[in-house]
Amino acid sequence: MSFIYSSQFEYLIRILIAGFCGGIIGYERKNRMKEAGIRTHFIVCLSSALIMIVSKYGFQDQVGISNISLDPSRIAAQVVSGIGFLGAGMIFMRRQSVKGLTTAAGVWGTAGVGLAIGAGLYFIGLISAIVIVIAQTILHRDFSWLSTPRTEELTLKISNESEVLEYIEEILKKEDIEVMNFKAKRGKTHSDIEAKSIELELILKVPEAYNISKLLTLMQKNPNIKYLEI
1 MSFIYSSQFE YLIRILIAGF CGGIIGYERK NRMKEAGIRT HFIVCLSSAL
51 IMIVSKYGFQ DQVGISNISL DPSRIAAQVV SGIGFLGAGM IFMRRQSVKG
101 LTTAAGVWGT AGVGLAIGAG LYFIGLISAI VIVIAQTILH RDFSWLSTPR
151 TEELTLKISN ESEVLEYIEE ILKKEDIEVM NFKAKRGKTH SDIEAKSIEL
201 ELILKVPEAY NISKLLTLMQ KNPNIKYLEI
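In terms of UniProt numbering, the sequence shown opens at residue 1 and continues consecutively.
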């Protein structure tokens, strides 16, 4: 009986260590105002350790009675695939850019840390948690080779004149802004003024530190540009 309690005490230590590692990873995410913070990472890592312990040790009584051969990795394997559904909920689109990928990957990695500690691989689990936190911290710094393109969506209503398009092209080139995609359509109403207008929807790649209000100010100087929206 004492052996059983001592074993379960060790399992409890594993769960607590896993929760601590998940909290460390979540703390770094919380400081960056990400969707998943301390609580999410803490629960994911602690629960993964619990599931790993159940998967590895929870059926030993059945093995001893019936001489059944069990694969302890089966339940743990479902954590790896199942945690993907949680991570998918953190990924979303904002202004033509995908957000939340790093957080989703971090949650998936946190589950791995929990599984490792639940299996008794304390050293590997602890070091992995530390490496994840260090990597998240360092790789969030402003390195030019790590920066992702910043995009903005600009809607314009302009007169159907070639000079206007040349004016817009000149401004974008001067401000080092690249057009990644665009749509053009004529005015929707039957009035003469609207019929001669064109509505443009531009997806722009802008410099990281560029103030988009500067572009709006430059565009407004041309009277043939009737409408602007970011």
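Just so it is clear, CB atoms sit at the ideal spot from N, CA and C, and this is done for glycine as well.
Query                                                                                                             : Result
Limits of the alpha helix (DSSP H) - the one that Arg150 falls within                                             : Per DSSP, Arg150 belongs to no alpha helix (DSSP H); it is in the beta strand (DSSP E), Arg150 to Ser159.
Distance between Trp108 and Gly84 (C-alpha atoms, nearest Å)                                                      : 7 Å
Straight-line Cα distance separating Ala77 from Tyr57                                                             : 15 Å
DSSP-derived helix/strand/coil call for Arg186                                                                    : strand
For residue 232, the three-state DSSP class (helix, strand or coil)                                               : Because residue 232 is not part of the residues shown, which for the chain are 1 to 230, the question remains open.
Given 8 Å, three or more beta-carbon pairs between the region 112–126 and the region 156–171                      : no
Classification of Gly112 by the beta-carbon crowding that lies within 10 angstroms, buried from 16 upward         : buried
Reduced DSSP secondary structure (H/G/I, E/B, other) of Ile168                                                    : helix
Sheet register partners of Glu178 (DSSP bridge)                                                                   : Lys205
Cutoff 7 Å; reference Glu152; Cβ partners in own chain excluding five residues on either side                     : Arg95, Leu204, Val206, Ile212 and Ile230
Identity of the residues DSSP links to Ser197 by a beta bridge                                                    : Ser159
Thr110 vs Ile53 beta-carbon contact at 8 Å                                                                        : no
Close-in-space but distant-in-sequence residues of the same chain around Ala18 (CB under 6 Å, 5 per side omitted) : Cys45, Leu46, Ala49, Gly114 and Ile117
Limits of the alpha helix (DSSP H) - the one that Leu50 falls within                                              : Ile38 to Tyr57
Same chain only: Cβ atoms within 8 Å of Ile132, ignoring 5 sequence neighbours per side                           : Ile25, Gly106, Gly109, Thr110 and Val113
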